[in-house]
Amino acid sequence: MVKNKVQEKVVESPKSTKKTKPRSKTNNKSFQMPINFIIVTGSIAIAVWYGYKGYLETRVNTPYDATKLVTTSGLDDPDRYWGTYRPGVYFGLKTRDPHSLVTGLMWYFPRFLRHDGTGFRHWCEQGDKLDRYAWLEHDGRTFGVQEIVDNQIIIRTTFVKKLGGYHGGDWTARVAVTPKKERVGEYMSLLFYTAIEEGTKGWIKANLGDYSRLTGIEGRTKGLGSFVINVNLINGTAEEHSFLTTVAPGLNVLKETVLQNLRVATQKGSMEKHVVLAGEQLPLLSEGKKKDPNFIVTQVTGKVPFEIEINFESGSFSNRIEKLTGSNYDEALKEHRELFSKKFENIFKLKSKGYTDDEITFAKMAFSNLIGSIGYFYGTSQVQSTYTKGPVPYWKAPLYTAVPSRSFFPRGFLWDEGFHGLLISVWDMEIELDIISHWFDLMNVEGWIPREMILGQEALAKVPEEFVTQVNTNANPPTFFLTLDFILQHKEQNLLQYNFRLLDKLYPRLQTWFSWFNVTQVGELPGTYRWRGRDEKTVRELNPKTLTSGLDDYPRASHPSDIERHVDLRCWIAFAARVMAKIAETLSYSGTKYQETFQYLSDNNLLNKLHWSPNAQTYADYGLHTDKVVLRKIASPSRKQQANVQPPEMTRVVLENPSLKFVDTTFGYVSLFPFILQIVEPDSPQLGKILQDLRDPDLLWTKYGLRSLAKTSPLYMKYNTEHDPPYWRGPIWINLNYLTVRAAYHYSNVTGPYRESARRLYQELRKNLIQNIIMQYRKTGYLWEHYDNTEGQGKGSHPFTGWTSLVVLLMAEIY
Numbered sequence: 046m047v048k049n050k051v052q053e054k055v056v057e058s059p060k061s062t063k064k065t066k067p068r069s070k071t072n073n074k075s076f077q078m079p080i081n082f083i084i085v086t087g088s089i090a091i092a093v094w095y096g097y098k099g100y101l102e103t104r105v106n107t108p109y110d111a112t113k114l115v116t117t118s119g120l121d122d123p124d125r126y127w128g129t130y131r132p133g134v135y136f137g138l139k140t141r142d143p144h145s146l147v148t149g150l151m152w153y154f155p156r157f158l159r160h161d162g163t164g165f166r167h168w169c170e171q172g173d174k175l176d177r178y179a180w181l182e183h184d185g186r187t188f189g190v191q192e193i194v195d196n197q198i199i200i201r202t203t204f205v206k207k208l209g210g211y212h213g214g215d216w217t218a219r220v221a222v223t224p225k226k227e228r229v230g231e232y233m234s235l236l237f238y239t240a241i242e243e244g245t246k247g248w249i250k251a252n253l254g255d256y257s258r259l260t261g262i263e264g265r266t267k268g269l270g271s272f273v274i275n276v277n278l279i280n281g282t283a284e285e286h287s288f289l290t291t292v293a294p295g296l297n298v299l300k301e302t303v304l305q306n307l308r309v310a311t312q313k314g315s316m317e318k319h320v321v322l323a324g325e326q327l328p329l330l331s332e333g334k335k336k337d338p339n340f341i342v343t344q345v346t347g348k349v350p351f352e353i354e355i356n357f358e359s360g361s362f363s364n365r366i367e368k369l370t371g372s373n374y375d376e377a378l379k380e381h382r383e384l385f386s387k388k389f390e391n392i393f394k395l396k397s398k399g400y401t402d403d404e405i406t407f408a409k410m411a412f413s414n415l416i417g418s419i420g421y422f423y424g425t426s427q428v429q430s431t432y433t434k435g436p437v438p439y440w441k442a443p444l445y446t447a448v449p450s451r452s453f454f455p456r457g458f459l460w461d462e463g464f465h466g467l468l469i470s471v472w473d474m475e476i477e478l479d480i481i482s483h484w485f486d487l488m489n490v491e492g493w494i495p496r497e498m499i500l501g502q503e504a505l506a507k508v509p510e511e512f513v514t515q516v517n518t519n520a521n522p523p524t525f526f527l528t529l530d531f532i533l534q535h536k537e538q539n540l541l542q543y544n545f546r547l548l549d550k551l552y553p554r555l556q557t558w559f560s561w562f563n564v565t566q567v568g569e570l571p572g573t574y575r576w577r578g579r580d581e582k583t584v585r586e587l588n589p590k591t592l593t594s595g596l597d598d599y600p601r602a603s604h605p606s607d608i609e610r611h612v613d614l615r616c617w618i619a620f621a622a623r624v625m626a627k628i629a630e631t632l633s634y635s636g637t638k639y640q641e642t643f644q645y646l647s648d649n650n651l652l653n654k655l656h657w658s659p660n661a662q663t664y665a666d667y668g669l670h671t672d673k674v675v676l677r678k679i680a681s682p683s684r685k686q687q688a689n690v691q692p693p694e695m696t697r698v699v700l701e702n703p704s705l706k707f708v709d710t711t712f713g714y715v716s717l718f719p720f721i722l723q724i725v726e727p728d729s730p731q732l733g734k735i736l737q738d739l740r741d742p743d744l745l746w747t748k749y750g751l752r753s754l755a756k757t758s759p760l761y762m763k764y765n766t767e768h769d770p771p772y773w774r775g776p777i778w779i780n781l782n783y784l785t786v787r788a789a790y791h792y793s794n795v796t797g798p799y800r801e802s803a804r805r806l807y808q809e810l811r812k813n814l815i816q817n818i819i820m821q822y823r824k825t826g827y828l829w830e831h832y833d834n835t836e837g838q839g840k841g842s843h844p845f846t847g848w849t850s851l852v853v854l855l856m857a858e859i860y
């Protein structure tokens, strides 16, 4: 909406010609009122200003003023109360409580363990260089089967839950270690632990049996009531048992606490040395009393193969007929696996589509590791606005969310989650709506949602300091509109029947979110938009990053300015307006303003005027730009000056003055947004040109998928700083490839002159993506963050079963 500027008419009083009597120097009474009035009004004005300034300062961390979407406790969904909600560890369970009892697994091979902790496994770390690890089957609710391959040993973790009582019921987990080959004799130590998060009201203690051997743990917390955990060796022979009960400073230092309490012991009658836990190590308070333990670990060392069983029993499960152990566990796990396979085929229909058993096993893994990586976090994020002097804490809040990568990004990312939701909602819409609800409860009064949520000690420990603070002027692609549009297409009846009230409660937040984007991210010209957050003062970056776009180092205008306009953001807003109109219609509200906004932003004539480059015949950004920018090292100092001087860093050097123009020498993912968000009309000549360009191997086409930046671009595969390798400057990313396949499918099914071209693109691109992702998984054991555009190898963080798991939807042809 363009506001009209109204010029106010100023009326001046005529100058008085009346002569006045001179004022007496001694008679000051006539001056007292005005002076006092000025002082008082001035003080009021100052007070009002500081009050208003204080109000502006608090807006960034003031919650949106409405009833929370998540108003129940985790216990209101008992089958999802317990879960593998610690995605950053190889195996661990916790509850959906702000302060939870947590359990987890550590392990090491005694002959590989070093004094610095090398060889000790706990958090998912790429540096551990495991052959592979992933959930092979996981339904998001009741069971999971995971396989971890470390050196020549296969570690299989499974769990099954059984409902009953008032606190989420029972669960049992097993950890089995077997050799990859028939070779036996490798010593291995498994450590299973129980810990209480900071702030949890309750206690835990170790139960000891013969020879002071730990047989189990018992305790009580506010969320769980009373409980017992039993740990037993059920297969194989243990060479050594030991335990530790102590106080850990936090969940982020559990590994370090264990390492500090290991000692070397020699097994009786044997020369074999084992590293064992040092037993009870409780610190003393100042008055000499021992602290209550918050961390109990039991260690079993044995020759591979062997297996341990962990059984959690809720004290409120009064009608327990049979324990979830032994053959009962075997039968329960078998039943859950059969139900999972049946549901998987009913939804994705891969067997009926002709996929092999091996390919279906791969798809189950890709899906299961996504849903099995859903985490539950609680804590305070760190945010900042232009009105605060520095970072301030957000309010304490929970977040139930999937994560992009268990090893590198085990926390919530706003724009990733919209892609995760496409796959999760097909499987279990209740889980996805719960995730959406948690994210939208993080909206502040302005309508802003932080793009990255770092909640709790474990999450914070994995984030570089420079990325911790979230700034409220910065956006992120509103991909939850992708998820909501997808749900309305595939699950509308289910949504209206069972979740109408939730959608109705969500709608005002969606309105505010959309409004925040439409106001804070506008450009200088009507109908244009600009991502905030670019650094116009940088001297190190070849092209200032646009982290807020989600595409990080993808080349934009070389010189950030207010006049910039970004075609991808414009398309996101247009797409969001269309979805808002659809949601309003579904709820029987008036969506006229959203429909009008969509029609305005999707007008191809205006779109082409603002973003179609007549010179390059592509959609492009517009801004202050030159391609003549390089990174160079400043001249080295003389030899006399070189002592104790750091070598110079590469510095950005501009060789040509920038000018206002289309950034049309850059062709890549951003150029495709009018196509991938289906804004361009089916009969538009621009669509024909896009489809033609997509098949050009000198631009984006490869036999592994579409590269992110054309080989002809000046910044193709160029480092952005001396140390930052290309990220979105050539590698193949699955989320944007999925949207491209989806768009090709759309245009192949609507009437238009380019329907056949879209169909061929759809078939070939889909096939290339599926084949390469599966091939690289077979080679490496992982799904990857992105893929090399020359050879197809997996690159970046791994496992990356965030949006790369969209390969399952590609296989199933679900768009």
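Here our numbering is used: position 207 in the sequence shown is 252, and no number is missing along the way.
Beta carbons are placed, not taken as given, at the ideal position from N, Cα and C, and that holds for glycine.
For this session: For residue 794, count neighbouring Cβ atoms within 10 angstroms of its own Cβ and tell me buried if that reaches 16, exposed if not.
Result: exposed
Problem set entry | Residue range of the beta strand (DSSP E) that includes residue 16 | Summary: the structure shown does not reach residue 16, with the chain confined to residues 46 through 860, and so no result is reported for it.
For this session: Apply the 10 Å Cβ neighbour rule to residue 855 and answer buried if 16 or more other Cβ atoms are within range, or exposed otherwise.
Result: buried
For this session: Alpha carbon to alpha carbon, how far is residue 237 from residue 227? Give it in angstroms, no decimals.
Result: 26 Å
Exercise. Quick one: Cα of residue 181 to Cα of residue 827, how far?
Worked result: 12 Å
For this session: Pick out the complete beta strand (DSSP E) segments inside the region 244 to 303, 3 residues or longer, and give them in chain order.
Result: 247 to 253, 259 to 266, 270 to 280 and 283 to 291
Exercise. Leaving out five residues before and five after residue 242 in sequence, what residues of the same chain have Cβ atoms less than 7 Å from its Cβ?
Worked result: 144, 145, 147 and 296
For this session: Please state whether DSSP places residue 782 in a helix, a strand or coil.
Result: helix
Problem set entry | Burial state of residue 526, where buried means 16 or more other Cβ atoms lie within 10 Å | Residue 526 comes out buried.
For this session: Check residue 150 in the structure and name its three-state DSSP category.
Result: strand
For this session: Mind checking which residues open and close the beta strand (DSSP E) that includes residue 192?
Result: 188 to 195
For this session: Evaluate residue 403 with the Cβ neighbour count: other Cβ atoms within 10 Å of its Cβ, from every protein chain shown; 16 or more gives buried, anything less gives exposed.
Result: exposed
Problem set entry | the region 760 to 768 / the region 780 to 790 touching (three or more Cβ pairs under 8 Å) | no
Problem set entry | Contact under 8 Å by Cβ, residue 841 with residue 749 | no
Problem set entry | residue 745 (DSSP reduced to helix, strand or coil) | coil
For this session: From the DSSP output, read off the bridge partner residues of residue 697.
Result: 676
Exercise. Quick one, are the C-beta atoms of residue 757 and residue 739 less than 8 Å apart?
Worked result: In this structure, residue 757 sits away from residue 739, with a CB-CB distance that is not shorter than 8 Å.
Exercise. Can you name, in chain order, every residue of its own chain whose Cβ lies under 6 Å from the Cβ of residue 393, other than the five neighbours on each side?
Worked result: The residues are 857.
For this session: Please classify residue 660: is it buried, with 16 or more other beta-carbons within 10 angstroms of its beta-carbon, or exposed?
Result: exposed
Exercise. Rounded to a whole number of angstroms, what is the C-alpha to C-alpha distance between residue 762 and residue 835?
Worked result: 11 Å
Exercise. Using a Cβ-Cβ cut-off of 6 Å (strictly less than) and excluding sequence neighbours within five positions of residue 868, which residues of its own chain qualify?
Worked result: Lying before the first or after the last residue shown, residue 868 is absent from the chain, which here runs from 46 to 860.
Problem set entry | Straight-line gap, residue 622 to residue 288 (C-alpha atoms, nearest Å) | 58 Å
Problem set entry | Identity of the residue in 254, 246 and 519 nearest residue 264 by Cα | 246
Exercise. If you check the beta carbons only, do residue 535 and residue 603 fall under 8 Å apart?
Worked result: It is not a contact, given that the beta carbons lie outside the stated cut-off.
Exercise. Just to confirm, are residue 362 and residue 261 a CB contact at a threshold of 8 Å?
Worked result: no
Exercise. Per the contact definition of three or more C-beta pairs closer than 8 Å, is the region 469 to 479 in contact with the region 155 to 164?
Worked result: no
Problem set entry | Sequence-distant residues of its chain with Cβ nearer than 8 Å to residue 400 (five each side left out) | 408 and 856
Exercise. Which term fits residue 846, buried or exposed, when burial requires 16 or more other beta carbons within 10 angstroms of its beta carbon?
Worked result: Residue 846 counts as buried, since at least 16 other C-beta atoms from the protein chains shown sit within 10 angstroms of its C-beta.
Exercise. So what's residue 354 in DSSP terms, helix, strand or just coil?
Worked result: In this structure, residue 354 counts as strand in the three-state DSSP scheme.
Exercise. Comparing alpha-carbon positions, which option in 505, 267, 550 and 440 lies nearest residue 113?
Worked result: Of the candidates 505, 267, 550 and 440, the one whose C-alpha sits nearest the C-alpha of residue 113 is 550.
For this session: Go ahead and label residue 443 buried or exposed: buried means 16 or more other beta carbons lie within 10 angstroms of its beta carbon, across all protein chains shown.
Result: Residue burial is scored here from C-beta neighbours: residue 443 has at least 16 other C-beta atoms within 10 angstroms and is therefore classed as buried.
For this session: Going by DSSP, name the residue or residues bridged to residue 168.
Result: In the DSSP assignment, residue 168 forms a beta bridge with 134.
For this session: Report the residue from 219, 370, 626 and 693 whose alpha carbon sits nearest the alpha carbon of residue 204.
Result: 219
Problem set entry | residue 74, DSSP secondary structure in three states | Per-residue confidence for residue 74 stands at a pLDDT of 44, beneath the threshold of 50, marking its modelled position as unreliable; the derived number appears in the next sentence. Of the three classes helix, strand and coil, the one that applies to residue 74 here is helix, per DSSP.
For this session: Would you kindly report the start and end of the unbroken alpha helix (DSSP H) that includes residue 818?
Result: 800 to 825
Problem set entry | Alpha-carbon to alpha-carbon, residue 651 and residue 571 | 10 Å
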